[in-house]
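Residue numbers (full-length UniProt numbering): 1 to 612.
So, in structure tokens, the structure goes:
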């Protein structure tokens, strides 16, 4: 295996057998280093020098790791030699505590706060590491008095750990600080003693023996070697089995590879045939596709024309929808206005009922008085007409008398005086009757105005009634043209179409420039020596718009429009706008004021009985 730092070693400048120069500091006055000092130089620059750039620090870091690897290789080779020498010098049947452990005795302690206090295990571990004994950890042993003065050193479980433990023991024996020295020295106050834990230490009756028995076992080097041999033989057997299995798999893979190669050759041949067939089919498809493309382009042009026509049609429909939306908005505003008026009328209904009852009673009395006065007026009119005839007769007689002259006839003169006197009396009586007639006419007009006001008030309060209600004279309803809309349009918007037709013809009815009616003279009633004639408006069946209406929308819509025209002409011919009238819904006629008042009184009494 190649080293990761291969290629660095040839650049190290060797001055002599033990002296070197840094390969990356050639531009300056080079210093001569020993191999160990060269490692410190590389480590110092790689850890961060403000005068060096990142590239230079990286190079020195690589040099540092390379030197550390060289030292590790040298140390491992030296340790292997020493390890073999130690193993050969040891008694293979002597029992050691496994995992390998060492004992440190005479650890200095002090009495503080009623117990012995000594250095921690980490401090002892660092001290031993500085001496290069490579301990894994150091455990201080404690008893009921505190620190016992003993510590256990744990080494690695491999043979290298035994090597470190034996080196530790040899070093302390060389300094006269071994196990024998610990038990024989009388003055051992300031020195540490250390040795490798063996069978004797394992069976001691103190904290050291307790710890060793709890955390270790007794094994000889020969036992460990046998265990490793057994372990290695098992491992070797497993590896051989694995190798055999891999060889078998390799042969199977080789056979499969041969089969795959043969199959691949066959597949390549089939592939060539398929490519030829594919190319032939593609050529045919290209020829077919070119013809199909021409057809598609022609169809595309035709569809574009259709889409353009549809686009224009949709734009027209969009414009029509906008117009309808505007019409619907106006219709909604009108309906909302009427709805608000109806709501206001309903809110005022309770207050108006009492007022209407009083007004109805008052007008009932006034109507009775008016009827009596009308009878008197008719009677007086008859008397007036008779008086006028009498006056005309007397005037004629007087003229006859004047023409005849008196001729000295005293009787004729007296008769003339009597006739003249009677004529004067009749003229005075006629003047009195004229004055009375004028007063009655004024009173009648006043009562009629009050009756009309009462009728209007009754119309405002009768908008929500059932039998006696209010009808919009000259107005149309969407129900009148709904059947025609269903016949003309088959989509789901027939109600909207009906509203549009209703709005259109209602605005046409209110147009003062449209005259679908014609006026004719009819013979009226006869009075005394007077013949009265009056006019009447009838439909002009030759009107073009009415004729087109009957053809397009049908007879039902035609009747609704003509009825609205006649109602408009009858009730508001000058204004040409919709007016409201009292209407008898049951008999489909105009309701009289008397019927409206009677209906209110009846509803009022019914409401009172329900409350009771």
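Each residue gets a CB set at the ideal place from its N, CA and C atoms; glycine is no exception.
Remember, it's a predicted structure, so these values are computed and weren't measured experimentally.
query	result
Going by C-alpha to C-alpha distance, which of 130, 149 and 228 sits closest to residue 117?	149
Flag this pair as yes or no: are the beta carbons of residue 103 and residue 121 separated by less than 8 Å?	no
Tell me where the beta strand (DSSP E) around residue 195 begins and ends.	193-196
Between residue 196 and residue 169, which are expected to be in contact by the criterion C-beta below 8 Å, what is the C-beta distance as a whole number of angstroms?	5 Å
Counting only the same chain and skipping the five closest in sequence on each side, list residues whose C-beta sits under 7 Å from that of residue 595.	468 and 584
In the DSSP assignment, the beta strand (DSSP E) including residue 105 goes from what residue to what residue?	101-105
Under 8 Å between the Cβ atoms of residue 201 and residue 212?	yes
In the DSSP assignment, what residue or residues form a beta bridge with residue 537?	519
Hey, residue 45 and residue 60: beta-carbon distance below 8 Å or not?	yes
Who are the Cβ neighbours of residue 578 in its own chain at under 6 Å, not counting the five residues just before and after it?	472, 474 and 475
Do residue 43 and residue 21 have their CB atoms nearer than 8 Å?	no
Mark residue 179 as exposed unless 16 or more other C-beta atoms lie within 10 angstroms of its C-beta, in which case mark it buried.	buried
If we call anything under 8 Å between Cβ atoms a contact, is residue 513 one with residue 537?	no
So, helix, strand or coil for residue 374, using DSSP?	helix
Grab me the residues of residue 111's own chain with a C-beta within less than 7 Å of its C-beta, minus the 5 sequence neighbours each way, in chain order.	none
In the structure shown, what three-state DSSP assignment does residue 464 receive?	Residue confidence is low: residue 464 scores 44 on pLDDT, short of 50, so the model does not pin down where it sits. Its coordinate-derived value is still stated next. Residue 464: coil per DSSP, three-state reduction.
By the three-class DSSP mapping on this structure, what secondary structure does residue 45 have?	helix
According to DSSP, is residue 7 helix, strand or coil?	Confidence in residue 7 is poor, its pLDDT being 44 and thus under 50, which makes the residue's placement too unreliable to answer from.
With 16 other CB atoms within 10 Å as the buried threshold, where does residue 305 fall?	exposed
According to DSSP, is residue 592 helix, strand or coil?	coil
Whose C-beta lies closer than 8 Å to the C-beta of residue 207 among residues of the same chain, with five residues either side of it excluded?	141, 142, 143, 148 and 150
Please state the DSSP three-state secondary structure of residue 20.	strand
Assuming the contact rule is C-beta atoms closer than 8 Å, residue 192 and residue 97 should be a hit. Round their C-beta distance to whole Å, please.	Actually they do not touch by this definition, with Cβ atoms about 19 Å apart.
Give me, in chain order, the residues of the same chain whose beta-carbon lies closer than 7 Å to that of residue 1; leave out the 5 immediate sequence neighbours on both sides.	Bear in mind that a pLDDT of 37 at residue 1, under 50, signals an unreliable position, so the model cannot answer this.
So what's residue 600 in DSSP terms, helix, strand or just coil?	helix
Run the CB neighbour count on residue 177, radius 10 Å, all protein chains shown included, and call it buried at 16 or more, exposed below.	buried
Please report how far the alpha carbon of residue 255 lies from the alpha carbon of residue 241, in whole angstroms.	21 Å
How about residue 481 and residue 496: do their beta carbons lie closer than 8 Å?	no
Going by DSSP in three states, residue 218 sits in which element: helix, strand or coil?	strand
Mark residue 133 as exposed unless 16 or more other C-beta atoms lie within 10 angstroms of its C-beta, in which case mark it buried.	buried
Is the Cβ-Cβ distance between residue 562 and residue 546 less than 8 Å?	yes
Measuring alpha carbon to alpha carbon, tell me which of 33, 498, 520 and 159 ends up nearest residue 101.	159
Report the three-state DSSP secondary structure of residue 132 (helix, strand or coil).	coil
Given residue 613, which residues of its chain have a CB within under 7 Å of its CB, disregarding the five upstream and five downstream residues?	The structure shown does not extend to residue 613, since the chain spans only 1 to 612, so no value can be given for it.
What did DSSP end up calling residue 291 once you bin it into helix, strand or coil?	helix
Using a Cβ-Cβ cutoff of less than 7 Å, which residues in the same chain neighbour residue 549 once the five nearest sequence positions on both sides are dropped?	557, 558 and 561
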